[in-house]
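All residue numbers for the sequence shown refer to numbering that gives the first Met the number 0, where the first residue is 0 and numbers rise by one. For every residue, glycine included, the Cβ atom is placed at its ideal position computed from N, Cα and C.
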Amino acid sequence: MTVHSRKPAAEPSAALDRPQVTQLRLSAFAGHRAAVLPLGPMTLLTGPSGSGKSSALGAYEALARLCAGAELPDVFADPVACVPERARADGQRRRGFR
0 MTVHSRKPAA EPSAALDRPQ VTQLRLSAFA GHRAAVLPLG PMTLLTGPSG
50 SGKSSALGAY EALARLCAGA ELPDVFADPV ACVPERARAD GQRRRGFR
């Protein structure tokens, strides 16, 4: 999968005050391992079938829903399906989306 992201042009000062998501880090989500996807005002995901474009969009959607106040069970009806079986735990023994 290839990520193409445009840098924003000079923005009005009001837009600079808003929080922005500039990258999506997926340590182990669906088929992604240690993926860092830069995000801009317009980001294009390209790649062959099965390269992870839909999974990356699903992770971004989950992040947006959680930030908007959705409850974890509402966002991940089957959270185990998002965590690869071979995903190693981090230093705090966590696996999956965080």
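Supposed contact pair residue j and residue i - C-beta distance, whole angstroms, cut 8 Å
{"i": "residue 50", "j": "residue 0", "result": "4 Å"}
{"i": "residue 81", "j": "residue 28", "result": "6 Å"}
{"i": "residue 55", "j": "residue 44", "result": "6 Å"}
Residue i: CB within 7 Å of a non-hydrogen atom of the ligand PLP
{"i": "residue 77", "result": "Summarising the ligand content, the structure contains no ligands, and the ligand PLP is consequently not present."}
CA-to-CA distance, residue j to residue i, given in whole angstroms
{"i": "residue 46", "j": "residue 26", "result": "20 Å"}
{"i": "residue 31", "j": "residue 75", "result": "17 Å"}
{"i": "residue 42", "j": "residue 18", "result": "17 Å"}
Neighbourhood of residue i by C-beta, 7 Å cutoff - its chain only, sequence neighbours within 5 removed
{"i": "residue 72", "result": "none"}
{"i": "residue 52", "result": "0, 44 and 46"}
Exercise for review: Scan the stretch 12 to 42 and note each continuous alpha helix (DSSP H) run of 4 residues or more that stays entirely inside, going in chain order.
Suggested key: Runs found: 12 to 15.
Check your understanding: In the stretch 42 to 95, which residue ranges form an unbroken alpha helix (DSSP H) of at least 4 residues, counting only runs that do not cross its ends?
Key -> List check, alpha helix (DSSP H) in window: 52 to 66 and 71 to 74.
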